[in-house]
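Under UniProt numbering, think of the first position of the sequence shown as 1, with each following residue one higher.
Don't be surprised by glycine CBs; every beta carbon is placed ideally from N, CA and C.
Accompanying notes for the structure given below.
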Amino acid sequence: MLSLQDMEYAKKYSSSEMDLYSTALHFRIFRQYGYNVPQDVFLSYMDEMGEQFEVDANMDPKTMVQLFEASHLALEDENMLDGARIFCNKNLKSSTNIIPLHWMVEWYNARRQISKQENEARESNLKLLQLAKLNFNIIQAEHQKDLADILRWWRKVGLIENVSFSRDRIVESFLWSVGVAFEPQHSHFRNWLTKAITFIIVIDDIYDIYGNFHELQIFTNAVVSWDPREVEQLPSCMKTCFWKLYDTTNDVALAIQQQKGWKLPVSIYLQKVWAEFCKALLVEAKWDSEGYTPTFCEYLDNGWKSSGGPVLSLHVLLGLAQDLSQVNDFLENEQVLVYYSSLIIRLCNDLETSTAELDRGDVSSSILCYMRKADVKEDVAREHIKDMVMETWKKMNKHSIENNSSSLRPLMKYIMNIARVTHFIYQNGDGFGVQDGETRQQILSSLVQPLPLIFQFGFDEDLKELSSLTIYRPGKICWRERQKKMEKATTSQFKKMQQQLSFFIRTAGIISSCPGDAVRAAKGLGPLDDFSTDDDMEDENEFNDDDF
1 MLSLQDMEYA KKYSSSEMDL YSTALHFRIF RQYGYNVPQD VFLSYMDEMG
51 EQFEVDANMD PKTMVQLFEA SHLALEDENM LDGARIFCNK NLKSSTNIIP
101 LHWMVEWYNA RRQISKQENE ARESNLKLLQ LAKLNFNIIQ AEHQKDLADI
151 LRWWRKVGLI ENVSFSRDRI VESFLWSVGV AFEPQHSHFR NWLTKAITFI
201 IVIDDIYDIY GNFHELQIFT NAVVSWDPRE VEQLPSCMKT CFWKLYDTTN
251 DVALAIQQQK GWKLPVSIYL QKVWAEFCKA LLVEAKWDSE GYTPTFCEYL
301 DNGWKSSGGP VLSLHVLLGL AQDLSQVNDF LENEQVLVYY SSLIIRLCND
351 LETSTAELDR GDVSSSILCY MRKADVKEDV AREHIKDMVM ETWKKMNKHS
401 IENNSSSLRP LMKYIMNIAR VTHFIYQNGD GFGVQDGETR QQILSSLVQP
451 LPLIFQFGFD EDLKELSSLT IYRPGKICWR ERQKKMEKAT TSQFKKMQQQ
501 LSFFIRTAGI ISSCPGDAVR AAKGLGPLDD FSTDDDMEDE NEFNDDDF
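Following this line, the structure appears as C-alpha cells:
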C-alpha cells in the first residue's frame, strides 16, 4: 500500500510535462531511497493496452541509459519495465558487461565517478572535485592500514602453507569486505569478515578437490560438535584447517563481545553458521561421490547455504549491529533477505564457473540441473538463471521498500551489499578462481593507487614534496623510510596545512581523526604514529609483490 507521501511523489513526478529521461531519473532515485513510487509513472509510455513499453528506436543514449538503470529498481510482480530493460540491453553497446548502478558496489564505483567528473569538471567545480579526491584518499589510507593488519594475520596464521591445493585469495577477500562496508569506522568489521571469507574459500576447496567423502564426514562432525578431538584421524592439512578455523572463530567472537560490550557470548552464533555451511558442502560432496544429479529444487534448497552467504550475513549482523537484540530480531524477521543475497551468490557463481565444473566432472550446478529439468540446451538454461537473478533482485527491492521505516534498514543495506559485491566478483568470470583481469585492476585502483591531487587551496608549495609519496604500491616499501621523509616537513608547514585542510574538511563533511592525518592520507600516507620504528618490525611492515 502506498503511503500519503509516496502518492504525493507519484502525483508530482508523473506529470506529462516530464520527458522519459526525467521520469526514469526521478523513479530511480526515489525507489533507491525507499519511496514506493508506482510504476504507473511510465503509463504514458505504454501501448494502448498498457501491456507493452513503447520505445523509440531513435532514443538518445542518455535517456536509454537512465531507463536501463530505472528498470532495475522494479519490484516483485512489476513487469512494466521488463520490455524497456530488454530493449536497452539490445541497444546499449556492451550492455551485457554493464552492472546497473543499483547492483553496483558504492565504493568500487567512487573512483570511476570521480574520474568521470574530472573529465567534465568546470572551473567552479574544481575545489569540490579536489575534496572528493581527498575524501577518497583518506578512506583508501584507512583501508590500506586494515589490509596491512590482515596480511600480517594471514602470514602469522600460516594456513595456506598447509593447504597448498587451495586458493590463496587474502587480498581478494579483503576487497570483498571493503565492498560490503567501506566506511572508515568499520575497520574491525572488515577484519572479521575477511577472515571468514578466507576460510569459506579454503573449506570449499577441501570439500571440492581434496577430501574423500569419509574424511569430509569426520570434518563436518567436528565442526558441528565444535570438538577438536574429532579431527585427530584426519590428514594433517584438514586438521590444521579445523584448528585454524576453531581458533580464529573463537578469537573473532571474543573481539566482537569486547568491542561492543556484549555480555552474552556470540561464539554460539558463529559455530552454528559454520556447521550449517559444512553440512551443505557435505550434501554436495555426497551427490558427487554417488554420481547423483539433484533436481533443480533440491540443488537450490541446498545451494544458497553452500554459497557461504549465511556465513557472510551473520558476520555482517554481529559486526555492524548496535546490540545483540538487533541480531536476533533480524534473524527472526528478515531471514528472507539473507536467503535472497545468498541465492544470488550461488546463481552468479554457477553462471561463471559451471563450464569449468562440467569439464572436471562435477555433477551439480544450477545450470546443469535446469538443463535436465527442462530438457533445454545450456544457453537457454543460462538465460533462465539470469532471469532468476533479476527476479531475486525484484524481491529484495520489494522487501527493502516495504521495510523502509524499520530500525533494521541500515543492516539491510549491508546484507544487500553482499549481493552487489557478488556481481562485481563474477562480472567477467570467476574473480576468485582467476587472479588476473578485472579483480586485480580493482585491487590496484581501490586499495593501492591514490588519486592524484592538483593543489589549488593555497598550500601547493607546502605539499609539493609530499605529493611524490605513495603507499602500498606493489614491491617492498619500508614504513620507517617514508616516516623519515614525512618528518622533514617543518612544524609551521604542517600547522598551516592543518588549518587550511580543517576548513575544507568541515565544509565538505569529510570525516578524519585530525587534519594532519588527512594531509598524509591525501598523499597516500597513514598517521605517523601508526608506523613502527623498531628494527624488528621492519619486515612485518612491508608489502611484497606476491600480495597482489
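Buried or exposed for residue i, going by 16 or more other Cβ atoms inside 10 Å?
| i | result |
| --- | --- |
| residue 173 | buried |
| residue 100 | buried |
| residue 238 | buried |
| residue 214 | exposed |
| residue 19 | exposed |
| residue 268 | exposed |
| residue 292 | exposed |
| residue 119 | exposed |
| residue 158 | exposed |
| residue 380 | exposed |
| residue 305 | buried |
| residue 69 | buried |
| residue 125 | exposed |
| residue 253 | buried |
| residue 64 | buried |
| residue 134 | buried |
| residue 441 | exposed |
| residue 88 | buried |
| residue 36 | buried |
| residue 60 | exposed |
| residue 256 | buried |
| residue 394 | buried |
| residue 409 | exposed |
| residue 86 | exposed |
Which stretch, first to last residue, makes up the alpha helix (DSSP H) that contains residue i?
| i | result |
| --- | --- |
| residue 315 | 309–320 |
| residue 609 | Nothing can be reported for residue 609: it is not among the residues displayed for the chain, which extend from 1 to 548. |
| residue 277 | 267–290 |
| residue 162 | 159–162 |
| residue 112 | 106–120 |
| residue 385 | 378–402 |
| residue 176 | 170–180 |
| residue 245 | 236–260 |
| residue 329 | 324–333 |
| residue 187 | 187–205 |
| residue 586 | The shown model of the chain, from 1 to 548, leaves out residue 586, and the question about it has no answer. |
| residue 305 | 296–306 |
| residue 367 | 366–374 |
| residue 70 | 61–71 |
| residue 418 | 409–425 |
| residue 222 | 213–225 |
Would residue i and residue j qualify as a contact pair, given that the criterion is a beta-carbon distance under 8 Å?
| i | j | result |
| --- | --- | --- |
| residue 144 | residue 447 | yes |
| residue 378 | residue 388 | no |
| residue 196 | residue 397 | no |
| residue 349 | residue 426 | yes |
| residue 341 | residue 309 | yes |
| residue 416 | residue 400 | yes |
| residue 137 | residue 337 | no |
| residue 201 | residue 165 | no |
| residue 385 | residue 405 | no |
| residue 382 | residue 103 | no |
| residue 273 | residue 302 | no |
| residue 316 | residue 278 | no |
| residue 146 | residue 191 | yes |
| residue 151 | residue 177 | no |
| residue 67 | residue 110 | no |
| residue 41 | residue 443 | no |
| residue 76 | residue 39 | no |
| residue 139 | residue 184 | yes |
| residue 188 | residue 259 | yes |
| residue 392 | residue 343 | yes |
Assuming the contact rule is C-beta atoms closer than 8 Å, residue i and residue j should be a hit. Round their C-beta distance to whole Å, please.
| i | j | result |
| --- | --- | --- |
| residue 199 | residue 248 | 7 Å |
| residue 295 | residue 369 | 7 Å |
| residue 280 | residue 411 | Not really, about 23 Å apart at Cβ, beyond 8 Å. |
| residue 242 | residue 228 | 7 Å |
| residue 407 | residue 287 | Residue 407 to residue 287, Cβ: 41 Å. No contact. |
| residue 418 | residue 313 | 7 Å |
| residue 107 | residue 179 | 6 Å |
| residue 207 | residue 285 | 5 Å |
Can you confirm whether residue i, when its beta carbon is compared against all beta carbons of chain B, has any partner nearer than 8 Å?
| i | result |
| --- | --- |
| residue 91 | No chain B appears in the structure shown, which is made up of a single protein chain. |
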